[in-house]
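Accompanying notes for the structure given below.
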Amino acid sequence: MNAPLPSSQITLGILAGGRATRLGGIDKAWIERDGIPQVLRWRRRFAAEASAVLVSANRGLQRYRDAGLEVVADRVAGDVGPIAGLEALLGQCRTPWLLTLPVDLIGVNDCLVATLWAERARAGAFARDDDGDQPLVALWNVEAALPAAIAGIQHNETAIHALQARLRMPAVHFRGVRFGNLNTPADLQAAGIRHD
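Counting with UniProt numbering, you get residues 1 to 196 for the letters of the sequence shown.
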């Protein structure tokens, strides 16, 4: 049986660099649920399971700094999608393992880190909920993933699921769980969030 992953070995990487086109371009990181912005909700949620927090973002960087967050902008030019944010997080990560979450995630189960750790391969593992694969909800071995992400960008192979396939990262099915995302006005309404 695997020993649990100590928090000193893991960094939480929050992906907040998207453009939120279906929500009129609002910054999802600062959408408030129960008075707490999404990015601060995730920092609080994983405070006991990660020794550091990094946020991948490309606008309003000072706002993150003012909130005491270390923010990392994409290092890759052009619109290559979330792999750019992942590559930036991996490049800045100072622990052997990086847990990534999209900032617009609605919820996760209590055993997310422990289960990904227990079921990981050498390069890590990613989550699958009852809605399907959630490739951005993943535990990454930084040493393995960073060069693979760089190579993927260089070869225009930028899909996260393709990167995970190249790394042979297994999907870990969280049965009976739906993480959900805040992608559309209907998603906000369902989560009880006002959007004017």
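C-beta atoms are modelled at their ideal positions from N, C-alpha and C, and glycine is treated no differently.
How would you call A125, buried or exposed, if buried means at least 16 neighbouring beta carbons within 10 angstroms?
buried
Return the CA-CA distance between A114 and L5, expressed in angstroms with no decimal places.
7 Å
A52 lies in the alpha helix (DSSP H); which residues open and close that run?
Where A52 is concerned, there is no enclosing alpha helix (DSSP H), although the beta strand (DSSP E) it sits in stretches over A52 to S56.
Is R122 helix, strand or coil when you go by DSSP?
Coil.
For A121, which option in L61, L167 and L98 has the closest C-alpha, if you only look at C-alpha atoms?
Minimum Cα distance to A121 is reached at L167.
Give the C-beta separation of V71 and A57 to the nearest angstrom, bearing in mind that I take them to be a contact with Cβ-Cβ under 8 Å.
Approximately 5 Å separates the beta-carbon atoms of V71 and A57; this is inside 8 Å, confirming the contact.
Within a Cβ cutoff of 6 Å, which residues of the same chain sit near S8, ignoring the five residues on either side of it in sequence?
S51
So what does DSSP say about R94, is it helix, strand or coil?
Correct three-state label for R94: coil.
Out of curiosity, what's the CA-to-CA distance linking R45 and E157?
32 Å
Relative to the C-alpha of G81, which candidate in E49, E143, F174 and P135 has its C-alpha closest?
P135
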